[in-house]
Structures are given as C-alpha cells and as structure tokens.
Amino acid sequence: MSRLRLPLISVGLALAAGASAARADGLIVSLSSREVVIASNYQGGSITVFGAALDKDGEVRPPGPYDLVVTVRGPLETIDVREKTRTLGMWINREGRDFVRAPTFLAVLTNRPVAEIADPETLKHEDLGLEAAAERRIAGAGEKLTGEDAAFVAALRRLQEGRRLWREDPRGVDFIGASLFQGEIALPPNVPFGTFDVEVRLMQGGETLARETTSFQVVKSNFEARVAGLAEDQRLAYGLAAVALALLSGWLASVIFRRD
Amino acid sequence: MQIYLPIAELPVDVLLVLAMSLAVGFVSGMFGVGGGFLMTPLLIFIGVPTAVAVASEAPQIAASAFTGVLAYWRRRAIDFKLGAVLLVGGVFGSAVGVAFFNSLRAAGQLDAFIAVSYVLMLGTIGGLMLVESVRSNLDRAPKPRPRRTPTRRFFDRFPLKLRFRRSMIHASAIPLAGLGAFIGFAGAVLGVGGGFLLVPALVYVFRVPTAVVVGTSLFQILVTMLASTVMHATTNASVDIVLAILLMIGGSIGSQFGVRVGQKLSGQRLRLLLAVMLLVVAGRFLADLVIEPDEPFSISQTERA
C-alpha cells in the first residue's frame, strides 16, 4: 500500500509543478488577498505572501541554500524631507531634500538581514532594503553621498519607520519545510491607498536566481471612497455641501438650545 | 471607538475628538469666542495634517457663528450694514489668505508661520487682557466711561464716509473693510474665526456699542468662514467633512454649557481666565519654536508620481 502511495504523490507533485515547470524563474508566489478595503473602523491589517522555490526541473525542492527577499512597495510619491535649523532663535525648516518616486509604503521581508544577503552595491543597484531605497531616490545627489545627503537619507528612513510605513524585517520570511515559504505584510492604520507591488526574489550568494512579482490593492470602502472622490472631483459641490451642513447644524443647535 | 477620516486619511478616536470639541465649545460659549485658536492646535496635535485641520475648522466655526447670529438677529443686535462693509474686505482677505496658505504649504513653512502667528497674536492679546484685568482688579474705583465724542483719529479723514445707524457710528468704509480683510486673512491662514481680534477692534478703535459688536462680528465671521470653507474645498480639497461633523456636534453642545457657566462669572474674572488661556496656548507654540526639537527632520508628501 505504502509502496503504491509514494509514487502517486510524486506524480501528483510533478503534475502540480508541471504547470510552472515551463517558468524558468523557479518561484511560485501568491497572496492571501488581492484587496484590502479600508472602512471607517479600519485599524490596520495584514496580507500573507506565500510561495515555493523551484529548481530548474520544476520540482518543489530547494536549489541549495538560498535567500528570499520580499519587497512590498506602496504608491510612489515625491517625499520631501526638511530639516529644522535655528534661525533668529527659532527652529524653522531650512534645508530640504526631495526623494523622487519614493514608495509611500515599503516593507522588506527577508530570512536574514539584507546586509548579509548581498553587498551594498548590489543592494543599491537592485533596490533591496530600506537604506538602498532611500539612497537611490534622493534628488540631486552624486554617486557618493555627502554627509548632508546621508543625514537626509537616514532621516527619511527613521521617519517612515516611525510612522510604521517603512519596515525591514530580517526574520519576516519563514520557511515551511525546505522549499515553501511565507511572510506576513503588516499594514498600519495609516496605510496609503493604491496599488502595492510585491516583488519576491530568490537569491543565492548575492545573485538573483529568480524574481516573481504580483500586486494587491488598498482601497477605501464605499463611503470613504465616495467622500474622498467627491472632495477631489466635485470640489465646488463638496464645498457647498460643507457650507449647507454648517448652516444646518448651526440652525439645529439654535432650535434645540433656544433659551429666549 | 475609532473612525476613519476620509480626507485626513487617518483613524481617530471619536470620543477623543468629541471630548476635545466639547471642551473647546465650552470655552467658546463661556468667553464668547469661536475657539478656533484652541481647536486647530489640538487637531494638529493628534496628528491631523495642518492643512486639513485648518480647513475643517472653518465649517465648524461657521456653524457655531450661525447659532449666535440667529440669537442676536432675534434681538436685532446685528448691524448688517457694518457687517457688509467688513465682509467686502473679509472675502477678499480670505481669498488672499487661502492663496498664501497654499504657497506656504508648498514652501514647507506653513507650520512655522502658524506657530509664529499664534505666538504673536495670542501673546499680544492675552498679554494686553492680562494687564488690563490685573490693573482693574487692583484699583476698584469705577473707570471713567469712554467718551462717545471722540478725538479725531487718523482714519477719520478717509473718504467714503458711511453712517451706520444701528452702531451709531459715522466712519469711513476703508479702514473697516481693511479690518475685515485682515480678519478674513487670519481666518483662512490660521483656522481661527477672529472674534478675539474683531471684537476689541470694533469696541476700542471704532467705538461701536458692545451690544451690537458681538452680533455683528459673529455675522462677519459666519460669512468669512463659509467663504473660507468653499475656497479651501475648491483649491485644496482639504475639508474633511466627517471631522467637521464631529467638531460641530461637540462644539455646539459644549458651548451651551459654557454660556451658562459664563453668565455666572464676572466679566473681569472671565477676561482674566481668557487672558491666561491665550497666554498658555501662545506659550505652548513658543516652546515648540524655541526649544531644540528631538527630531529636527520632518516629512511632507507632494504630488503622486
């Protein structure tokens, strides 16, 4: 009996892997959900990314010791970092740096610290890790960062981490057995809206063996979306509605609490 | 209980916001001020972006001003002609204020400008009131009534003289519209109604009887804040209607209790309390400005790439 079952299982696995055997990339990636809806009671959430590493034969078997880097990038924006300096006895914003097309949300999940996975040049070139993400996007800086620029790079990372929008988790990817993996993408209450790109890299000795991408959406629920949409698209009508509301509530208060 | 603010894009505790607006409403009812100068900083403190805080305060101030206007209207204590002249300036001031607000925001100097303005404005008014109330506490002798046949002031020579029957004044429209413009500007930039600026100016500079001043100033604040709301909504899309509703509920209930308590206190004591409060808020902003911050860096996001 058991003799019969084993080959059957391998056939099943081979069949299951067969679909992806044609993919030379060697990674299968999926998400627990494709959409996160933010309603008025939203207090943060999470999405699980899971998958399997394949070798060249499409077998669910690890191609030796490897690293996994899961990078989740939220909508891109120009982020402006400013520094207060003492001016006329007051602390006022003076210097500033723009970070162009920077992800408003960035989560980097790995199985060990990114610095151990690849050398700094590779990390920067391949946009892996928070440090590299900040360094790559600073506007008007040379190849080698000056001390001033480096301070802004560090500040961007520190501030975004403080707002829980950027996160680097060196133990964010768990292996299940030898080749299956999973990681949890935590989304804070102040998560931005839009498309989040998920990039999974299978790496070995600092080299990318395989790369697979997918994405999910963070959307406002009906009511929130409608309010925000109106505020943006029907500006005058929205403003007039706010005016009507103010007059109505002022009048209501005067009727309810009338004392003369 | 958390609620998500769709424009500020962050969840806030409903009870916290209601409690804050109740407290500010109480204060505003007690002293007869709008309370914007307290509410805007509080909103910024709990994490609402400055732009959204200022813009969402405008409809709330308008709502509470409207309640007041209705009450004073029934008592015929509003000089609509004077109000209209103030408004000509006020709407112009708001428009300039909103434009100025947007350029400050783009330059990253909005927070600093607001902090410096609060320190100067609240510090000056609070300081003057404190000196005045301490002085009048010290010498209990009745003060000579302000004369109604005033000496000529520099702006009495301005043209465009108008007679305001209900206020019993005869003054040029130019300084009045200028005053209105300044209040409108301050309202749009700082998220304050400006009652604490307008009332003393009308009483002490233009010698309008106190009975008419409050109603007229509320009328001017009402229209300016409505204009501000529309302008913030059209230029910035930064009016958070959910936040505004919360502020209106708390504010209108709180002010009813404030009015009752305020009526039991003497005018002198009220002015002393208000002065102390203005100075405390000014001090808080001053501390933020002059004390070295733990984190000198700050972030602002601009357009989506």
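Those sequence lines, one after another, are chains A and B.
All residue numbers for the first sequence refer to the numbering used here, where the first residue is 1 and numbers rise by one.
All residue numbers for the second sequence refer to the numbering used here, where the first residue is 1001 and numbers rise by one.
Glycine included, C-beta positions come from ideal geometry on N, C-alpha and C.
Note that this is a predicted model, so its numbers are computed, not measured.
Next item on the list: Could you tell me which chain A residues have their CB closer than 8 Å to the CB of F1092/B, listed as they occur along the chain?
Entry: Simply none; closest approach about 18 Å.
Next item on the list: Give a yes or no on whether the minimum CB-CB distance between Q1109/B and chain A is below 9 Å.
Entry: yes
Item checked: Helix, strand or coil at N1102/B [DSSP, three-state] -> helix
Margin query: Taking only three categories from DSSP, how would you classify A178/A?
Written below: coil
Notebook entry, point to check: Identify the residues that DSSP records as bridge partners of V29/A: which are they?
Noted result: G51/A
Check: Who are the neighbours of Y66/A on chain B, taking C-beta pairs under 7 Å?
Finding: Near Y66/A there are no residues of chain B at all, since even the closest Cβ is about 33 Å away, more than 7 Å.
Next item on the list: Using beta-carbon positions only, say whether L1278/B and L1043/B come within less than 9 Å of one another.
Entry: no
Checklist line | A22/A (DSSP reduced to helix, strand or coil) | finding: For A22/A, the predicted model reports a pLDDT of 33, less than 50, meaning its position is unreliable; a value from the coordinates is still stated below. A22/A carries a coil assignment under DSSP once its states are collapsed to helix, strand and coil.
Next item on the list: Would you list the one or two residues that DSSP bridges to A210/A?
Entry: L202/A
Next item on the list: Counting only the same chain and skipping the five closest in sequence on each side, list residues whose C-beta sits under 7 Å from that of A1115/B.
Entry: Contacts found: F1285, D1288, L1289.
Checklist line | Opening and closing residue of the alpha helix (DSSP H) in which V1012/B lies | finding: Element bounds for V1012/B: not the alpha helix (DSSP H) but the beta strand (DSSP E), 1010-1013.
Margin query: With the cut-off set at 9 Å, would you say I1245/B and S249/A are in Cβ contact?
Written below: yes
Next item on the list: Take the Cβ of M1168/B as the centre, count every other Cβ of all protein chains shown within 10 Å, and call the residue buried at 16 or more, exposed below.
Entry: exposed
Note to self: Threshold first: 3 residues or longer. Then list the beta strand (DSSP E) segments lying entirely within the region 126-178 of chain A, N to C.
What the structure shows: 166-169, 173-176
Check: Using a Cβ-Cβ cut-off of 6 Å (strictly less than) and excluding sequence neighbours within five positions of Q43/A, which residues of its own chain qualify?
Finding: P189
Margin query: If you reduce the DSSP assignment to three classes, tell me which class G45/A lands in.
Written below: strand
Next item on the list: Flag M1231/B as yes if its beta-carbon sits less than 9 Å from any beta-carbon of chain A, otherwise no.
Entry: yes
Margin query: Just to make sure I have the definition right: I need the residues of chain B whose C-beta is within less than 9 Å of the C-beta of W91/A. Which are they?
Written below: A1112, D1288, L1289, V1290, I1291, E1292, P1293, P1296
Notebook entry, point to check: For E1295/B, which of helix, strand or coil comes out of DSSP?
Noted result: coil
Note to self: I need the straight-line Cα distance from R211/A to R167/A, nearest angstrom please.
What the structure shows: When the Cα atoms are used, R211/A and R167/A turn out to be separated by approximately 21 Å.
Notebook entry, point to check: So with Cβ pairs under 9 Å, would you call L236/A a contact of chain B?
Noted result: yes
Margin query: Give the list of continuous beta strand (DSSP E) stretches no shorter than 3 residues that lie fully inside the region 1178-1240 of chain B.
Written below: none
Next item on the list: Give a yes or no on whether 9 Å exceeds the smallest Cβ distance from E83/A to chain B.
Entry: Chain B contact via Cβ: present.
Next item on the list: Would you verify that the beta carbon of A1019/B is, or is not, closer than 9 Å to some beta carbon of chain A?
Entry: Not one chain A Cβ lies under 9 Å of A1019/B.
Note to self: Below 7 Å on C-beta distance, what does K144/A contact in chain B?
What the structure shows: By Cβ distance, chain B contributes nothing, its closest Cβ being about 21 Å from K144/A, past 7 Å.
Notebook entry, point to check: V243/A touches chain B at which residues, Cβ-Cβ below 8 Å?
Noted result: P1059, A1062, L1226, T1229, V1230
Item checked: Pairwise C-alpha distance: R1260/B and F257/A -> F257/A and R1260/B have their C-alpha atoms spaced approximately 11 Å apart.
Check: For G140/A, which residues in chain B fall below 7 Å Cβ to Cβ?
Finding: Residues of chain B passing the Cβ test: none, with the nearest at roughly 15 Å.
Checklist line | One or two residues paired with Q217/A in a DSSP bridge | finding: E35/A, T195/A
Item checked: Buried versus exposed, by CB contacts within 10 Å (16 or more), A1211/B -> Counting Cβ neighbours within 10 Å, A1211/B comes out exposed, since fewer than 16 surround it.
Notebook entry, point to check: Alpha carbon to alpha carbon, how far is I79/A from A1181/B?
Noted result: Roughly 35 Å between the two C-alpha positions.
Next item on the list: Could you name the residues of chain B that G96/A contacts, counting a contact when the two beta carbons are closer than 8 Å?
Entry: Those are G1108, listed as they occur along chain B.
Notebook entry, point to check: At least one CB of chain B closer than 9 Å to the CB of L247/A: is that the case?
Noted result: yes
Checklist line | Sequence-distant residues of the same chain with beta carbon closer than 8 Å to T1229/B, five excluded per side | finding: So the qualifying residues of the chain are A1055, A1058, P1059, A1062, V1239.
Notebook entry, point to check: Can you name the residues of chain B whose CB is closer than 8 Å to the CB of G239/A?
Noted result: T1229, V1230, M1231, H1232, A1233, T1234, V1239
Item checked: Local Cβ density within 10 Å of V1134/B, reported as buried at 16 or more and exposed below that -> Classification for V1134/B: exposed.
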